[in-house]
Amino acid sequence: MLQIGPLNPALVHIVFFPSVQDFRVVVRIDSWETTSVYPNGHFVRVLGRIGDLEGEIATILVENSINVVPFSEAQMCEMPVNTAENPWKVSPKEEQERRDLRSTHLVFSIDPKGCEDVDDALSVRTLNNGNLELGVHIADVTHFVAPNSYIDVEARTRATTYYLADPQLAQEVKGKVIEEEHQEYRQTKGRSLYTLLEEIRDLALLDVSDSYAM
2 MLQIGPLNPA LVHIVFFPSV QDFRVVVRID SWETTSVYPN GHFVRVLGRI GDLEGEIATI
62 LVENSINVVP FSEAQMCEMP VNTAENPWKV SPKEEQERRD LRSTHLVFSI DPKGCEDVDD
122 ALSVRTLNNG NLELGVHIAD VTHFVAPNSY IDVEARTRAT TYYLADPQLA QEVKGKVIEE
182 EHQEYRQTKG RSLYTLLEEI RDLALLDVSD SYAM
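Numbers in my numbering are just positions in the sequence shown, counted from 1, shifted up by 1.
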């Protein structure tokens with residue numbers, strides 16, 4: 002019989018039989034006898050050895066209910082196709098419905114050098130009245146997510162990026178196809194984005210002109 006000590010000191014120890022000494026494990030409480038100080042539980046899975054990077058990261062994820070399991074086949078089928086033979090690009094219909102800033106504004110990324118998730122940008126142009134129009138841009142990943150689709154439902158549980166010691170986790174949370182090929186800004190490729198335009202004079206904000214899906 003073995004006592005498992007929770008990471009949270011406010012919780013009681015759990016008693017179960019298999020020996021997994023020196024490992025981080027997940028256990029589930031089965032019962033708690035009125036005559037016992039500790040509840041009984043059963044082993045669910047090993048997260049990793051105590052002190053090892055992989056095991057400690059897995060423990061952090063479990064503690065915070067962060068889901069990094071691979072996307073299901075149904076979810077992957079909803080993601081846009083992007084291959085060498087059939088590269089993804091903004092459709093002519095989509096280009097007509099969105100405002101194009103590529104020829105009117107100086108657009109540049111504000112992500113650091115070497116960043117693999119290039120999805121933030123600024124733009125600027127001089128207006129006829131001499132003021133500056135500043136654009137703040139973020140990748141419009143919702144363009145690829147239909148309401149109540151498999152991806153939409155899954156995104157409600159993990160629609161964010163977690164930056165831990167393992168850089169692959171960011172890709173697993175949002176999906177590699179959208180993350181690398183459709184959400185990132187590429188110098189020679191059109192991308193869908195959401196924009197806030199502001200008019201500035203003498204470094205003072207005059208007006209928020211409008212917001213657009215671009």
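No residue lacks a Cβ here, since even glycine has one placed at the ideal position from N, Cα and C. Here the structure is a predicted model, which means the values were calculated and not measured.
Fill in: DSSP three-state assignment for Ile111, whether helix, strand or coil
Three-state DSSP puts Ile111 in coil, outside helix and strand.
Worksheet item: According to DSSP, is Ala122 helix, strand or coil?
Response: The answer is strand: DSSP assigns Ala122 an E or B state.
Discussion item. Restricting to Cα atoms, I'd like to know which of Arg29, Phe44, Thr143, Val38 is closest to Gln22.
Written reply: Ranking the options by Cα distance to Gln22, first place goes to Phe44.
Worksheet item: Just checking, does the stretch 109-116 make contact with the stretch 25-37 on the three C-beta pairs under 8 Å criterion?
Response: Because the criterion of three Cβ pairs below 8 Å is not met, the stretch 109-116 and the stretch 25-37 do not touch.
Worksheet item: Once you ignore the five residues that flank Gly56 on each side, which residues in its own chain have a CB closer than 6 Å to its CB?
Response: Excluding the 5 residues flanking it on each side, Gly56 has same chain C-beta neighbours closer than 6 Å at Arg25, Leu48, Gly49, Arg50, in chain order.
Worksheet item: Can you check whether the CB of Asp112 is closer than 8 Å to the CB of Asp121?
Response: For Asp121 and Asp112, yes; Cβs fall inside 8 Å.
Practice prompt. Grab me the residues of Asp53's own chain with a C-beta within less than 6 Å of its C-beta, minus the 5 sequence neighbours each way, in chain order.
Written response: If we look at Asp53 and ignore the five residues flanking it on each side, it has no Cβ neighbours.
Fill in: Buried/exposed call for Val28, threshold 16 Cβ in 10 Å
Of the residues assessed, Val28 falls on the buried side of the cut-off, its CB having 16 or more other CB atoms within 10 angstroms.
Practice prompt. Measure from the alpha carbon of Glu96 to the alpha carbon of each residue in Val125, His144, Thr127, Glu200, then state which is nearest.
Written response: When the alpha-carbon of Glu96 is set against those of Val125, His144, Thr127, Glu200, the nearest one is in His144.
Worksheet entry | Through-space distance from Leu165 to Leu135, alpha-carbon basis | Inter-residue distance for Leu135 and Leu165 is about 32 Å (C-alpha atoms, whole angstroms).
Worksheet entry | Per-residue burial, Thr196 [other beta carbons within 10 Å of its own, 16 or more giving buried] | With at least 16 other beta carbons inside 10 angstroms of its own, Thr196 counts as buried.
Fill in: Top-ranked residue by Cα proximity to Glu199, from Tyr163, Pro148, Ala156, Ser124
Scanning Tyr163, Pro148, Ala156, Ser124 for the CA closest to the CA of Glu199 turns up Ser124.
Discussion item. Please classify Arg202 as buried or exposed, where buried requires at least 16 neighbouring CB atoms within 10 angstroms.
Written reply: Under this definition Arg202 is an exposed residue.
Item to complete: Check whether the Cβ of Ser37 lies closer than 7 Å to any heavy atom of the ligand PLP, and answer yes or no.
Response: Because no ligand of any kind appears in the structure shown, any question about the ligand PLP cannot be addressed here.
Worksheet item: Where Lys90 and Arg192 are concerned, what is the direct C-alpha to C-alpha distance, given to the nearest angstrom?
Response: Their Cα atoms are separated by approximately 8 Å.
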